[in-house]
Each structure stands twice: as structure tokens, then as C-alpha cells.
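Reading through the C-alpha cells given below for one structure.
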Amino acid sequence: GESVGLHLPTLSVQEGDNSIINCAYSNSASDYFIWYKQESGKGPQFIIDIRSNMDKRQGQRVTVLLNKTVKHLSLQIAATQPGDSAVYFCAEKYSSASKIIFGSGTRLSIRP
Amino acid sequence: EADIYQTPRYLVIGTGKKITLECSQTMGHDKMYWYQQDPGMELHLIHYSYGVNSTEKGDLSSESTVSRIRTEHFPLTLESARPSHTSQYLCASSAPGRSYEQYFGPGTRLTVT
Numbered sequence: 005g006e007s008v009g010l011h012l013p014t015l016s017v018q019e020g021d022n023s024i025i026n027c028a029y030s031n032s033a034s035d036y037f038i039w040y041k042q043e044s045g046k047g048p049q050f051i052i053d054i055r056s057n058m059d060k061r062q063g064q065r066v067t068v069l070l071n072k073t074v075k076h077l078s079l080q081i082a083a084t085q086p087g088d089s090a091v092y093f094c095a096e097k098y099s100s101a102s103k104i105i106f107g108s109g110t111r112l113s114i115r116p
Numbered sequence: 007e008a009d010i011y012q013t014p015r016y017l018v019i020g021t022g023k024k025i026t027l028e029c030s031q032t033m034g035h036d037k038m039y040w041y042q043q044d045p046g047m048e049l050h051l052i053h054y055s056y057g058v059n060s061t062e063k064g065d066l067s068s069e070s071t072v073s074r075i076r077t078e079h080f081p082l083t084l085e086s087a088r089p090s091h092t093s094q095y096l097c098a099s100s101a102p103g104r105s106y107e108q109y110f111g112p113g114t115r116l117t118v119t
């Protein structure tokens with residue numbers, strides 16, 4: 005069956021350092037891989053996506069890397085700020101589907 | 007800020023009661039979704055809709071039902087609430103061709119006693 009999973013359930017990072025959140029996926033038929041951020045008491049918020057035919061995409065302070073060989077996805081956050089504290093979910097979408105499957109989430113906490 | 011709304015935000019209700027969780031979006035999105043999420047856990051899709059009069063069951067079995075009579079409105083109903091229904095329910099929507107980019111409401115935290 006398909007699954008999207010995360011390597012670490014929690015990550016603690018010093019403010020100003022870079023954060024790297026990892027995710028493993030199992031379905032090679034997915035055409036989009038997505039990262040969402042969920043702050044306490046709120047619904048998830050879309051951060052960035054990457055198509056399966058790409059291996060890197062950059063946004064504002066974030067970079068997503070896709071390694072299809074080992075079915076691995078990562079989210080890099082540059083110069084981590086207190087506002088980055090949240091749970092981060094990776095997700096994947098199959099090419100023919102209008103729905104996405106979420107992984108189990110990594111909690112990112114920032115040390116002052 | 008996404009224009010998607012959920013009411014109520016919190017609900018405590020007794021076993022056996024019928025409840026409807028409301029979800030509305032003002033973005034004209036064609037697709038809408040309902041997810042169930044326990045604290046700190048992943049989201050599980052319970053229902054989705056491609057458009058008006060189109061609804062599908064999601065990946066997680068649910069005793070709830072949904073309707074989509076208007077584009078902007080996607081209510082979820084539990085005919086008889088049970089303690090096992092205690093969870094957070096999140097509604098989302100997406101624009102045509104962009105189902106990977108979903109906009110979420112703030113959620114309804116349901117407690118069934």
C-alpha cells in the first residue's frame with residue numbers, strides 16, 4: 005500500500021540555524037509532493053510543492069529537495085525563526101487523483 | 007489568509023445526538039474536502055467533492071455524511087454521535103487543477119461525551 009512517512013517526530017533547532025525536515029514516500033506514481041505547515045490551533049497551510057520531474061525547488065526561505073531514487077523528500081528552512089514553530093507534514097498526490105495523502109508530521113521547535 | 011470558514015470551532019455534545027459541522031468557502035473552488043485529525047497526528051481524508059452534487063468517500067471509513075448543493079458550502083453530518091467521533095475535523099478546498107494546494111479552515115474540535 006501507499007504511505008508517506010517522516011523520519012523524526014520532533015526536531016529542535018537553534019534560532020537562526022537552518023532546519024531540515026525529512027520525509028520518505030513509497031508510491032512512485034505520485035506526480036506532486038507537497039509540504040504543509042500547521043501551527044497550534046490552526047488548519048494546515050500550504051508551503052511549497054514540487055513536481056515529480058524536478059529535484060529541487062526554492063521558495064521564500066524554503067527549499068524542497070526530491071530524490072526519487074531513494075524516495076526521499078526534504079524541506080529546508082533557512083535562518084529558522086520563532087514563527088517557524090509548527091508541525092510540518094509532507095504529502096503526495098497521485099497523477100490521476102484530486103486528493104492528497106498526508107504523512108505523520110514533524111514538530112519543529114525553536115530554541116532562543 | 008484563506009477564505010474558508012468552519013463553525014462551530016468547538017462542540018461538546020452527548021452520545022446519540024445529531025450534529026452538522028458547517029464549512030463554507032468564498033474562493034469559488036470546485037473541490038472541497040473533509041479530514042479528521044487527532045492531536046499531533048496525520049490528517050485522514052473522510053469525504054471529498056469534485057463539485058456540486060458530487061461527493062465521494064475518502065480513505066478513512068466514517069459514519070458521517072456530506073452534501074454539496076452549493077459550490078461554496080460543504081456540510082458534514084453525524085446522525086448519531088459517539089465518543090469514538092471525538093476528534094478535530096478540518097475542511098479544505100482547492101482550485102481547479104491545483105488539488106495539491108489545499109486551503110484549510112481552522113477546524114472544529116468535537117468532543118462527544
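Chains as they are written, first to last, in our numbering: chain A, 5 to 116; chain B, 7 to 119.
Glycine included, C-beta positions come from ideal geometry on N, C-alpha and C.
Please read these numbers as outputs of a predicted model, since none were measured by experiment.
Here DSSP, grouped into helix, strand and coil, assigns B:ASP36 to coil. In the assembly as shown, A:GLY45 is an exposed residue. Its beta-carbon has fewer than 16 other beta-carbons within 10 Å. The contact set of B:SER105 on chain A, defined by CB atoms closer than 8 Å, consists of LYS97, ALA101, SER102, LYS103, ILE104 in chain order.
The alpha carbon of B:TYR95 has as its nearest neighbour, out of B:THR21, B:GLU28, B:ILE19, the alpha carbon of B:GLU28. The beta-bridge partner set that DSSP reports for A:PHE106 consists of A:ALA95. Within 8 Å of the CB of B:GLY46, the CB atoms of chain A belong to VAL91, GLY109, ARG111, in sequence order along the chain. Residues of chain A whose Cβ lies closer than 8 Å to the Cβ of B:LEU49 are, in chain order, PRO48, PHE93, PHE106. Per DSSP, B:TYR106 lies in no beta strand (DSSP E) segment and is marked neither H nor E. Closest option to B:ILE75, judged by alpha-carbon separation, among B:MET38, B:SER67, B:GLY20, B:LYS24: B:MET38. Of the residues B:ALA98, B:GLY103, B:GLU107, the one whose Cα lies closest to the Cα of B:GLN42 is B:ALA98. Taking a Cβ-Cβ cut-off of 7 Å, the neighbours of B:GLY111 in chain A comprise GLY47, given in sequence order. Residue A:ALA82 holds the alpha-carbon nearest to the alpha-carbon of A:GLN18 among A:ALA82, A:LYS103, A:PHE106, A:LYS97.
In the structure shown, B:SER93 falls within a strand segment according to DSSP collapsed to helix, strand and coil.
The beta-carbon distance between A:SER108 and B:GLU48, rounded to whole angstroms, is 5 Å. This is short enough to meet the 8 Å contact definition. Counting C-beta atoms within 10 angstroms of its own C-beta, A:ALA33 has fewer than 16 neighbours from the protein chains shown and is therefore classed as exposed. Spanning the alpha carbons of A:ILE104 and B:LYS63 requires a straight line of approximately 14 Å. A:ASP21 sits in coil when the DSSP states are folded into three classes, being neither helix nor strand.
Annotation for B:SER55: the continuous beta strand (DSSP E) segment containing it runs 50 to 57. Put simply, the CB of B:ASP65 is near chain A, with a gap under 9 Å to one of its CB atoms. CA-CA distance, B:ALA101 to B:PRO89, rounds to 34 Å. In the DSSP assignment, the residues bridged to B:GLU28 are B:THR13.
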